[in-house]
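Colleague: In the numbering used here, the protein residues as written are 8 to 212.
Below are the structure tokens for one structure; questions will follow.
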């Protein structure tokens, strides 16, 4: 791995399809964290990646495992670190709910030859995310992978680290509490803990 052990700056890059060209600023960060299929990688969302978060439960990982070319994708090969957002399940490998099936062991075996480090996010991150998003009207919401990874990064690194969020559209699956996630990031922005870049803000390095 070539990235700094303690980065001065981090770009966390979401997958909103309508993000403007922000690749220059993204690539200038010490760490560049991307997600899943990494929309815009190699183009308007930049060409660097140090950490790649891959959802390790459910049908998306199954699709990747069934794809012979998955580990040949440029973003997968370039990532020095793989982050799995969900805990490894200790129960039977087969899950009656296809969306709940744990593919962590299979993913580790498939990605192992690349030599990337692989990390499962601590369960404490999930508890913290759920507590942040809990409201009287909505006592439970599934935190998005982007929200979980951003919380993990913010808690693991010193406050002096500059954290920029790019490509976060706060829209998609109704099981996520997008309004709550946006509100939390806005509060952190106002507190000076991170920069939340609008999708339509073109940025140069």
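Where is the CB? At the ideal position from N, CA and C, for every residue including glycine.
Predicted, not measured: the structure shown is a model, and the values here were computed from it.
From residue 162 to residue 76, what distance separates their C-alpha atoms?
Modeller: Cα-Cα distance, rounded: 34 angstroms.
Colleague: Going by other Cβ atoms of all chains shown within 10 Å of its Cβ, with 16 needed for buried, is residue 130 buried or exposed?
Modeller: That one is exposed.
Colleague: Suppose you measure from the CA of residue 132 to the CA of residue 181; what does that come to, to the nearest Å?
Modeller: Each residue's Cα considered, the two are about 21 angstroms apart.
Colleague: Does the beta-carbon of residue 8 have 16 or more other beta-carbons within 10 angstroms, so that it is buried, or is it exposed?
Modeller: Note that residue 8 has pLDDT 36, beneath the 50 cutoff, so the model's placement of it is unreliable and the number below is only indicative. Exposed: under 16 other Cβ atoms inside 10 Å.
Colleague: For the alpha helix (DSSP H) containing residue 201, list its first residue and its last residue.
Modeller: Run containing residue 201: none; DSSP gives neither H nor E here.
Colleague: Of the residues 118, 185, 119, 152, which one's Cα is nearest the Cα of residue 142?
Modeller: It is 185 whose Cα lies nearest to the Cα of residue 142.
Colleague: So, helix, strand or coil for residue 180, using DSSP?
Modeller: In this structure, residue 180 counts as coil in the three-state DSSP scheme.
Colleague: Rounded to the nearest angstrom, what separates residue 14 and residue 87 at their Cα positions?
Modeller: Approximately 14 angstroms between the Cα atoms of the pair.
Colleague: Would the beta-carbon of residue 65 fall within 8 angstroms of that of residue 108?
Modeller: Yes, these two residues count as a Cβ contact at 8 angstroms.
Colleague: Checking 8 angstroms against the spacing of the C-beta atoms, do residue 183 and residue 160 come in under that value?
Modeller: No, the pair does not count as a contact, with Cβ atoms beyond the cut-off.
Colleague: Please check the pair residue 125 and residue 113, which I expect to be a contact at CB under 8 angstroms, by giving their CB distance rounded to whole angstroms.
Modeller: 12 angstroms between Cβ atoms; not a contact.
Colleague: Determine which residues share a DSSP beta bridge with residue 124 and list them.
Modeller: Partner(s): 88.
Colleague: Here's the rule: buried if 16 or more other CB atoms are within 10 angstroms of the residue's CB, otherwise exposed. What is residue 145?
Modeller: Its Cβ having fewer than 16 others within 10 Å, residue 145 is exposed.
Colleague: What residues in its chain sit with their C-beta under 6 angstroms from that of residue 36, if we drop five residues either side in the sequence?
Modeller: Cβ neighbours of residue 36 beyond the five flanking positions: 16, 17, 18.
Colleague: Assign residue 32 to one of three DSSP states: helix, strand, or coil.
Modeller: In the structure shown, residue 32 sits in a helix (DSSP, three-state: H, G or I).
Colleague: Between residue 60 and residue 39, is the Cβ-Cβ spacing less than 8 angstroms?
Modeller: Contact: no.
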